[in-house]
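Counting from 1, one number per residue, gives the positions in the sequence shown under our numbering.
Down below is the structure, laid out as structure tokens.
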Amino acid sequence: MYSFKKIASQLKDKTYQAGRRVGSFCGFYFKKICSDWPSKSQWRQFLKVLTKEEKIAFFVLLSFAISSFSFLFIGFYLKNTELQAAKGGSYIEGVVGQPRFINPIYIGSSDVDRDLVEILFSGLMKYNQEGKIIPDLAEKYEIKEGGKIYEITLREDLCWSDGSPLTSDDVIFTVKTIQNPDYKSPLRARWLGVEIEKFSNDLGIRFKLKNPYTPFLESLTLKIIPKHIWEGIPPENFPLAAYNLKPISSGPFKFQKLNHSKEGSVERLELVRDPKYFGSPPFLSKITFVFFETEKELIKNYQRGKIQGFSSSLIEGFPGKYRNLNLYSFSLPRYFAVFLNPNTQGNEAQILSQKDIRLALNYATNKEEIIEKVLSGKGKTVNSPVLPDIYGFSTPEKIYEFNLEKAEEILDNAGFLKNEQGNREKIVKQASTFQFKSDLKSGSQGQEVKELQECLSSPPTGGPDIYPEGEITGYFGEKTEKAVIKFQEKYAKEILEPWGFSKGTGLVQKTTRTKLNELCARGEAETLPLKFSLTTTDQPVLVETAQELKSQWQKIGIQVDIKTIEPSVLTREIIQPRKYEGLLFGEVLGIIPDPFPFWHSDQKKDPGLNLAIYQNEKVDKLLEQARESQNPQERKAKLEAFQDILINDAPCIFLYSPDYLYFVDKKIKGIESEIIASPAGRFANIKNWYTETKRAWE
Numbered sequence: 001m002y003s004f005k006k007i008a009s010q011l012k013d014k015t016y017q018a019g020r021r022v023g024s025f026c027g028f029y030f031k032k033i034c035s036d037w038p039s040k041s042q043w044r045q046f047l048k049v050l051t052k053e054e055k056i057a058f059f060v061l062l063s064f065a066i067s068s069f070s071f072l073f074i075g076f077y078l079k080n081t082e083l084q085a086a087k088g089g090s091y092i093e094g095v096v097g098q099p100r101f102i103n104p105i106y107i108g109s110s111d112v113d114r115d116l117v118e119i120l121f122s123g124l125m126k127y128n129q130e131g132k133i134i135p136d137l138a139e140k141y142e143i144k145e146g147g148k149i150y151e152i153t154l155r156e157d158l159c160w161s162d163g164s165p166l167t168s169d170d171v172i173f174t175v176k177t178i179q180n181p182d183y184k185s186p187l188r189a190r191w192l193g194v195e196i197e198k199f200s201n202d203l204g205i206r207f208k209l210k211n212p213y214t215p216f217l218e219s220l221t222l223k224i225i226p227k228h229i230w231e232g233i234p235p236e237n238f239p240l241a242a243y244n245l246k247p248i249s250s251g252p253f254k255f256q257k258l259n260h261s262k263e264g265s266v267e268r269l270e271l272v273r274d275p276k277y278f279g280s281p282p283f284l285s286k287i288t289f290v291f292f293e294t295e296k297e298l299i300k301n302y303q304r305g306k307i308q309g310f311s312s313s314l315i316e317g318f319p320g321k322y323r324n325l326n327l328y329s330f331s332l333p334r335y336f337a338v339f340l341n342p343n344t345q346g347n348e349a350q351i352l353s354q355k356d357i358r359l360a361l362n363y364a365t366n367k368e369e370i371i372e373k374v375l376s377g378k379g380k381t382v383n384s385p386v387l388p389d390i391y392g393f394s395t396p397e398k399i400y401e402f403n404l405e406k407a408e409e410i411l412d413n414a415g416f417l418k419n420e421q422g423n424r425e426k427i428v429k430q431a432s433t434f435q436f437k438s439d440l441k442s443g444s445q446g447q448e449v450k451e452l453q454e455c456l457s458s459p460p461t462g463g464p465d466i467y468p469e470g471e472i473t474g475y476f477g478e479k480t481e482k483a484v485i486k487f488q489e490k491y492a493k494e495i496l497e498p499w500g501f502s503k504g505t506g507l508v509q510k511t512t513r514t515k516l517n518e519l520c521a522r523g524e525a526e527t528l529p530l531k532f533s534l535t536t537t538d539q540p541v542l543v544e545t546a547q548e549l550k551s552q553w554q555k556i557g558i559q560v561d562i563k564t565i566e567p568s569v570l571t572r573e574i575i576q577p578r579k580y581e582g583l584l585f586g587e588v589l590g591i592i593p594d595p596f597p598f599w600h601s602d603q604k605k606d607p608g609l610n611l612a613i614y615q616n617e618k619v620d621k622l623l624e625q626a627r628e629s630q631n632p633q634e635r636k637a638k639l640e641a642f643q644d645i646l647i648n649d650a651p652c653i654f655l656y657s658p659d660y661l662y663f664v665d666k667k668i669k670g671i672e673s674e675i676i677a678s679p680a681g682r683f684a685n686i687k688n689w690y691t692e693t694k695r696a697w698e
């Protein structure tokens with residue numbers, strides 16, 4: 001019996017011999033065909049002997065054979081190759097605003113500067129297209145001593161766009177410049193208390209923190225500036241240096257050209273691929289930024305073919321006449337809110353320090369309506385300072401659902417009543433010609449009962465809802481008693497609750513008399529109007545949001561005066577000195593959520609960002625513990641507890657988180673819309689954008 005191995009061996013030998021015979025056969029006939037192939041003269045003679053009809057038939061068949069072969073070859077080529085990005089091409093972006101500081105230490109509220117810094121500069125760490133933090137200039141990093149020490153080792157092949165080496169000296173110079181108050185960097189608060197030093201060699205940098213700080217890894221996405229360019233420039237001249245608009249950089253693109261208008265404003269800025277970039281080179285050869293004063297002007301220029309991409313909230317009719325555009329929607333860990341200043345200097349009564357007012361404003365805010373009208377539905381409502389939908393936290397225990405009746409009830413109970421114009425005001429002092437002094441009950445009669453009946457029958461104190469009969473008889477009967485009960489229950493918080501009652505008694509005694517004297521006393525009155533100013537930037541979306549809020553709050557009798565200010569002026573003259581009553585503004589939490597800068601009581605003054613001047617000892621403790629914890633579940637629990645306490649205190653009105661809408665010509669490929677830390681994050685993957693393609697064998 002043959003073994004399996006012997007059978008396989010014989011089969012292999014026979015297959016080999018058969019293959020040789022087939023090869024010899026094919027080789028013989030191939031040589032035969034080639035040797036017997038007609039010469040040129042034979043082909044000419046062949047065509048001469050053919051009739052006209054035979055020639056036509058021959059060439060038709062020949063054309064068919066060539067076409068068939070070409071079709072088969074193209075099909076084979078397409079099947080066995082794939083389309084890949086190729087170097088070349090350019091992209092033109094339109095933006096609203098002007099570049100001022102293309103300098104990492106000065107990026108503050110300007111999205112234009114942030115965009116350009118993102119493309120031109122590199123940080124120790126960076127965000128990838130999934131929103132995760134990964135090394136950039138860093139080769140590797142280590143976290144030691146429970147999060148108090150971060151050690152970074154730089155790559156060895158780093159250099160600036162002018163060819164100078166990029167070393168740890170540049171990193172140390174950048175951080176120390178930010179920390180120095182003479183340079184007035186808006187980033188200074190984030191780096192206070194951080195020590196930085198070299199270790200090992202010129203490639204090693206050590207950061208020492210006073211306390212563990214989990215989000216510090218995100219701080220290391222800070223872009224680095226070149227020491228050899230900036231070290232000789234004194235602090236007072238830093239903002240004036242030409243390098244703020246013509247930077248020496250370390251990113252995938254470098255500065256090439258700047259064009260000014262006749263008026264002196266920047267019209268265009270051109271960037272080109274940097275051959276000295278340490279990473280994989282970008283596909284695009286050039287990126288051009290074109291600057292406009294308004295979004296309407298920007299969109300008009302797109303329609304004229306002047307730009308290829310832009311971000312806008314005003315575009316209408318998409319896709320419609322914008323069929324050449326792709327829409328990319330990015331998720332951002334940010335929210336917009338109205339921060340209420342309880343220490344308003346211009347309002348002696350400090351009405352926004354009263355929780356009842358803040359609660360009423362929350363209940364009177366229709367967030368869904370604002371999103372539909374202002375954002376065309378492109379956004380999500382926000383009810384928490386930690387954005388549970390993005391970070392996976394539990395929803396807050398309490399949410400202020402839109403409820404005008406609830407808002408009106410709160411204001412009534414707080415003593416802010418509507419006047420004849422429908423605006424709310426509160427009597428704070430009144431020179432009275434009459435005061436209720438006696439206890440009154442069923443059966444009482446006289447002038448005080450008449451005054452009581454007049455008070456209960458007159459709006460805004462009473463009226464048909466309280467005393468529908470409105471009879472002024474001077475006798476305290478059943479109808480008057482029912483009216484007193486309704487009055488007591490309307491103002492239960494001040495009349496009944498101090499005595500532990502939930503229902504009216506119909507007896508006019510101390511607390512009832514006090515409220516009657518407050519509301520019904522006749523004479524010259526000093527009133528406190530329920531009004532405040534709402535300040536925001538002059539960006540169209542925020543102006544429209546402010547107008548919608550004003551309209552909504554007017555329905556419950558609250559007057560609002562809107563103030564709009566240019567972003568840089570807003571930061572310097574309004575936010576830093578806290579000179580506002582209500583502030584409509586946005587806050588970005590980052591990929592690793594850290595609400596500490598926005599809500600800890602230590603951050604109430606500049607350079608802190610506690611814009612609601614909020615203070616709560618329990619919240620302070622939770623925020624401190626959350627930022628120090630290295631345990632994700634523990635941090636989650638602390639931040640969820642924080643959100644519930646803060647929402648109950650109602651220091652602000654959370655509004656919405658708008659989608660970041662980015663419109664780009666369909667010719668531009670390689671863009672992926674994921675979660676980004678800031679609007680500038682859309683460029684984190686720009687070296688993978690392309691317009692040109694090539695085919696390569698798989």
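No residue lacks a Cβ here, since even glycine has one placed at the ideal position from N, Cα and C.
Pick from TYR213, TYR690, ASP665, THR381: whose alpha carbon is nearest that of ASN324?
ASP665
Any idea what DSSP makes of PRO165, helix, strand or coil?
strand
Suppose you measure from the CA of LEU166 to the CA of ALA242; what does that come to, to the nearest Å?
21 Å
Closest residue to ASP644 among LEU440, ASN201, TYR400, ASP169 (Cα-Cα distance):
TYR400
With which residues is ALA138 paired in a DSSP beta bridge?
LEU154
According to the Cβ coordinates, are GLN421 and VAL266 closer than 7 Å?
no
Closest by C-alpha distance to PRO342, when choosing among SER63, LYS579, SER678
LYS579
Using only the alpha-carbon positions, how far apart do PHE121 and PRO186 sit?
18 Å
For the beta strand (DSSP E) that ASN259 lies in, which residues bound it at each end?
253-260
Taking contact to mean at least 3 C-beta pairs separated by less than 8 Å, is the segment 351-362 in contact with the segment 660-677?
no
Between the segment 172-180 and the segment 154-164, do at least 3 Cβ pairs fall closer than 8 Å?
no
Residue ranges of each alpha helix (DSSP H) run of no fewer than 4 residues wholly in the segment 161-238, ordered along the chain?
168-179, 188-191, 216-219, 227-230
Nearest candidate by alpha-carbon position, reference VAL560, set ILE647, GLU368, ARG188, ASN423:
ASN423
If you follow the beta strand (DSSP E) that GLU587 is in, where does it begin and where does it stop?
582-588
7 Å Cβ shell around CYS652 - same chain, five flanking residues per side excluded
ALA337, VAL338, PHE339, LEU340, ALA612
Hey, out of ALA189, LYS490, LEU209, ARG190, whose CA is closest to ILE196's CA?
LEU209
8 Å Cβ shell around ILE119 - same chain, five flanking residues per side excluded
GLY251, PRO252, PHE253, LEU271, ILE287, PHE683, ILE686
CA-CA distance, PRO577 and SER353?
18 Å
Taking just the CA atoms, how far does ILE668 sit from PHE58?
48 Å
Hey, LEU534 and LEU584: beta-carbon distance below 7 Å or not?
yes
Measure the Cβ-Cβ separation of THR221 and GLY123 and say whether it is below 7 Å.
yes
Helix, strand or coil at VAL664 according to DSSP, with G and I counted as helix
strand
DSSP state of ASP561 mapped onto helix, strand, coil:
strand
So GLY94 and TYR302 are supposed to be a Cβ contact under 8 Å. How far apart are they, rounded?
6 Å
What residue from PRO464, GLY379, LEU530 has the CA that sits closest to VAL428's CA?
LEU530
Going by DSSP, what residues sit across from THR536 in a beta bridge?
THR564
DSSP state of THR461, grouped into three classes?
coil
Following the continuous beta strand (DSSP E) through ILE571, name the residue where it begins and the one where it ends.
Rather than Ile, the amino acid found at residue 571 in this sequence is Thr. Counting along the chain, THR571 falls outside any beta strand (DSSP E), and DSSP gives it neither H nor E.
Kindly indicate the opening and closing residues of the alpha helix (DSSP H) around ILE495.
492-495
Helix or strand or just coil, what does DSSP make of LYS355?
helix
Can the beta-carbon of LEU639 be found less than 7 Å from the beta-carbon of PHE596?
no
How about the segment 231-247 and the segment 201-216: do they share at least three Cβ pairs that are nearer than 8 Å?
no
According to DSSP, is GLU425 helix, strand or coil?
strand
Under three-state DSSP, which class holds ARG21?
Reliability of the predicted coordinates at ARG21 is poor, the pLDDT of 42 falling under 50, and no value is obtained from them.
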